[in-house]
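Asker:
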Amino acid sequence: MSQADLWRPGDDVHPGGNGEDIYRPEVFKTICEAIDALDKELRDLSLDISAHPELKFEEHYAHDALTAFLSKHGFEVTPHHLLETAWVARYTHGHGGRTLGVNSEMDALPGVGHACGHNLIAIAGVAAACAVRAALIRHDIPGSVVLLGTPGEEGGGGKVLLLERGAYAGVDACLMCHPAPGPPYSASLSACLAIQRVVVEFHGHTAHAALSPWEGQNALDAAVSAYNSIAMLRQQVKPTHRIHGIFEGKDWAANIIPDYAKMFWYVRGETWAEVEALLPRVINCFHAAALATGCRVEVTKAGSTFDLRQNKGLGDEFKQVFESQFGPVDYEWGIKSASTDFGNVTYALPALHPGFGIPTEPQGGNHTRAFTKSAASQEGHVACLNVSKTLAATGIRVLADDEYFSKVRKTFEEDCRLREAQAAQA
1 MSQADLWRPG DDVHPGGNGE DIYRPEVFKT ICEAIDALDK ELRDLSLDIS AHPELKFEEH
61 YAHDALTAFL SKHGFEVTPH HLLETAWVAR YTHGHGGRTL GVNSEMDALP GVGHACGHNL
121 IAIAGVAAAC AVRAALIRHD IPGSVVLLGT PGEEGGGGKV LLLERGAYAG VDACLMCHPA
181 PGPPYSASLS ACLAIQRVVV EFHGHTAHAA LSPWEGQNAL DAAVSAYNSI AMLRQQVKPT
241 HRIHGIFEGK DWAANIIPDY AKMFWYVRGE TWAEVEALLP RVINCFHAAA LATGCRVEVT
301 KAGSTFDLRQ NKGLGDEFKQ VFESQFGPVD YEWGIKSAST DFGNVTYALP ALHPGFGIPT
361 EPQGGNHTRA FTKSAASQEG HVACLNVSKT LAATGIRVLA DDEYFSKVRK TFEEDCRLRE
421 AQAAQA
């Protein structure tokens with residue numbers, strides 16, 4: 001795709017949009033103008049975060065860059081909010097009204113930088129919050145927008161911790177987004193998998209591997225046995241389940257029976273109820289390996305995140321706006337088989353987490369070095385601003401339209417009942 005093919009600020013409708021009517025087009029115009037006015041600043045902020053990748057709960061540079069940006073643009077900012085590298089930025093207009101939450105992620109991955117595009121997620125939250133603020137002021141809509149900087153998504157469950165500590169209290173609905181491989185004028189409302197992380201430690205006994213191996217209990221053999229047992233178990237689980245892990249040790253040598261091995265496992269399913277049902281079968285593999293090798297085993301649950309429950313009321317509005325202005329929305333692609341700690345947020349309140357397409361190299365999807373480059377591309381930036389405008393439009397309707405918000409709440413309550421039924425079936 002050439003630069004000339006990109007939709008430019010000021011275009012009325014992207015060629016992929018169908019041009020259908022949307023809620024309060026004058027408000028959407030304000031949203032677009034606000035984000036377009038910040039285009040260069042947002043691009044610079046994204047590239048700055050991309051150039052300074054930081055691992056989970058170490059996002060000090062991103063924390064400072066984002067809080068400084070929001071302070072400059074009229075938000076009341078609280079740094080180091082509930083977690084060291086979390087933060088919150090708030091703007092309230094008028095009296096009363098509802099509260100819209102927006103999330104910005106910041107952390108990178110070991111060795112591959114922002115290979116999940118959290119630099120784009122960070123600026124998408126900023127752009128949406130700034131646009132909502134502008135619309136509240138210009139159209140005199142009472143309400144609040146609260147932007148949370150949420151650290152530690154990559155394996156840290158940062159949003160789970162923030163949820164437990166009250167960061168989402170008083171929020172009526174919450175929005176965020178995530179990039180994935182695809183055309184830059186496409187979006188997805190697919191779900192994500194629930195996940196349970198498990199740490200397994202095998203404790204054996206050292207011995208000379210040639211002189212007297214019968215005196216040892218081989219912890220490495222226990223880990224290999226567990227790995228092979230889970231490989232066989234995979235044949236008898238649902239195609240949508242995911243069980244994957246690694247093992248490591250310390251002070252290993254070829255002529256010593258290893259007395260310690262450690263494993264890290266992820267167990268995933270389409271719903272949290274499915275994960276809870278699958279987990280005991282996986283844990284049995286660890287105990288069987290310990291029994292076979294004479295080792296002692298410790299199994300520790302190391303954090304869980306729930307499946308992503310896209311709120312239908314929010315999703316329908318997002319789809320209407322995005323397809324009107326930019327391009328198609330599907331329910332199958334995006335980051336369907338990944339997991340996110342935002343899933344726990346969707347269990348707690350009405351929430352939406354669309355994926356949006358950015359161009360990538362072949363085999364250059366999320367968590368690859370190629371995706372790090374794609375997330376820093378101009379095409380990725382334009383796609384990010386498109387979805388930010390759509391999120392802001394969805395959020396403004398939450399704040400301005402009482403009847404619509406009642407629908408959002410109703411669909412959330414319906415999903416709560418559906419979750420209960422799924423748990424009973426699992």
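Numbering (the UniProt record's numbering) for the sequence shown: 1 to 426.
Beta carbons: idealized from backbone N, C-alpha and C, even for Gly.
Just to confirm the assignment, what range does the alpha helix (DSSP H) spanning residue 30 have?
Answerer: That run of the alpha helix (DSSP H) goes 25–37.
Asker: By how many angstroms is the C-alpha of residue 204 removed from the C-alpha of residue 294?
Answerer: The alpha-carbon atoms of residue 294 and residue 204 are separated by roughly 7 Å.
Asker: Mind checking residue 240: buried by the 16 CB within 10 Å criterion, or exposed?
Answerer: By the neighbour-count rule (16 or more Cβ atoms within 10 Å), residue 240 is not buried but exposed.
Asker: Since residue 338 contacts residue 193 with CB under 8 Å, what's their CB separation in whole angstroms?
Answerer: About 7 Å; that satisfies the 8 Å criterion.
Asker: Give the C-beta separation of residue 387 and residue 124 to the nearest angstrom, bearing in mind that I take them to be a contact with Cβ-Cβ under 8 Å.
Answerer: Right, the Cβ-Cβ distance comes to about 6 Å (below 8 Å), so this counts as a contact.
Asker: List the DSSP bridge partners of residue 201.
Answerer: In DSSP, residue 201 forms a bridge with 262 and 298.
Asker: According to DSSP, is residue 408 part of a helix, a strand, or is it coil?
Answerer: Residue state, collapsed to three classes: helix.
Asker: Do residue 392 and residue 128 have their beta-carbon atoms positioned less than 7 Å apart in this structure?
Answerer: Yes.
Asker: DSSP has residue 351 in a bridge; who is on the other side?
Answerer: 174, per the DSSP bridge assignment.
Asker: When burial is assigned at 16 or more other CB atoms within 10 Å of the CB, is residue 238 buried or exposed?
Answerer: Residue 238 is exposed by the Cβ-count criterion.
Asker: What residue does the beta strand (DSSP E) around residue 149 start on, and which one ends it?
Answerer: 143–150 is the span of the beta strand (DSSP E), which, as asked, contains residue 149.
Asker: Span of the alpha helix (DSSP H) holding residue 121?
Answerer: Taken as a continuous stretch (DSSP letters only), the alpha helix (DSSP H) holding residue 121 covers 118–138.
Asker: Just to confirm the assignment, what range does the beta strand (DSSP E) spanning residue 102 have?
Answerer: 99–105 is the span of the beta strand (DSSP E), which, as asked, contains residue 102.
Asker: State the beta-bridge partners of residue 181 as determined by DSSP.
Answerer: DSSP output for residue 181 lists 358 as bridge partner(s).
Asker: Identify which residue in 186, 227, 156 and 233 has its Cα closest to the Cα of residue 197.
Answerer: The shortest C-alpha separation from residue 197 is found at 156.
Asker: Just how far apart, CA to CA, sit residue 147 and residue 177?
Answerer: Rounded to the nearest angstrom, the two C-alpha atoms are 13 Å apart.
Asker: Assuming residue 27 contacts residue 139 under a Cβ cut-off of 8 Å, what Cβ separation, rounded to an integer in Å, is found between them?
Answerer: Rounded, the Cβ-Cβ distance is 6 Å, consistent with contact.
Asker: Does the Cβ of residue 390 have 16 or more other Cβ atoms within 10 Å, making it buried, or fewer, making it exposed?
Answerer: Flag for residue 390 reads buried.
Asker: To which residues of the same chain is residue 312 closer than 7 Å at the C-beta, ignoring the five residues directly before and after it?
Answerer: For residue 312, where only same-chain residues beyond five positions count, the Cβ hits under 7 Å are 411.
Asker: Using DSSP with H/G/I as helix, E/B as strand and the rest coil, what is residue 4?
Answerer: Confidence at residue 4 is low in this model, with a pLDDT of 32, below 50, so its placement is unreliable and the value that follows should be read with caution. If DSSP states are grouped into helix, strand and coil, residue 4 belongs with the helices.
Asker: Would you grab the beta carbon distance between residue 336 and residue 191 for me? Rounded to a whole angstrom, and I think it's under 8 Å.
Answerer: Confirmed, Cβ separation roughly 6 Å.
Asker: Confirm, please, whether the CB-CB distance from residue 255 to residue 209 is below 7 Å.
Answerer: It is a contact, given that the beta carbons lie within the stated cut-off.
Asker: Return the Cβ separation of residue 277 and residue 383 in integer angstroms, given the expectation that the two are a contact with Cβ distance under 8 Å.
Answerer: Not quite, the Cβ-Cβ distance comes to about 38 Å (not below 8 Å), so this is no contact.
Asker: What separation, rounded to the nearest whole angstrom, lies between the Cα atoms of residue 420 and residue 413?
Answerer: The straight-line gap from Cα to Cα measures roughly 11 Å.
Asker: Which same chain residues, not among the five before or five after residue 344, have their C-beta less than 7 Å away from its C-beta?
Answerer: So the qualifying residues of the chain are 159, 160, 163, 305 and 306.
Asker: What are the start and end residues of the alpha helix (DSSP H) that includes residue 272?
Answerer: Taken as a continuous stretch (DSSP letters only), the alpha helix (DSSP H) holding residue 272 covers 272–293.
Asker: So, using beta-carbon positions, are residue 151 and residue 82 closer together than 7 Å?
Answerer: Result no, Cβ atoms of residue 151 and residue 82 do not sit closer than 7 Å.
Asker: Would you give the residue range spanned by the beta strand (DSSP E) that residue 93 belongs to?
Answerer: Where residue 93 is concerned, the enclosing beta strand (DSSP E) stretches over 87–93.
Asker: Rounded to the nearest angstrom, how far is the Cβ of residue 242 from that of residue 266, given a contact under 8 Å?
Answerer: The pair is a contact, with the Cβ atoms about 7 Å apart (cut-off 8 Å).
Asker: Based on Cα-Cα distance, which residue from 78, 80 and 154 lies nearest to residue 55?
Answerer: With distances taken between Cα atoms, residue 55 lies closest to 154.
Asker: Is it the case that the segment 359–369 contacts the segment 91–108, given that we only count it when at least three CB pairs across the two stretches are under 8 Å?
Answerer: They do not touch, by the three-pair rule.
Asker: In whole angstroms, what is the alpha-carbon distance linking residue 381 and residue 38?
Answerer: Answer to the nearest angstrom: the Cα atoms are 12 Å apart.
Asker: Looking only at its own chain, which residues have a Cβ that is under 6 Å from the Cβ of residue 113, when we skip the five neighbours before and after it?
Answerer: Once the five neighbours on either side are set aside, the close Cβ partners of residue 113 are 53 and 372.
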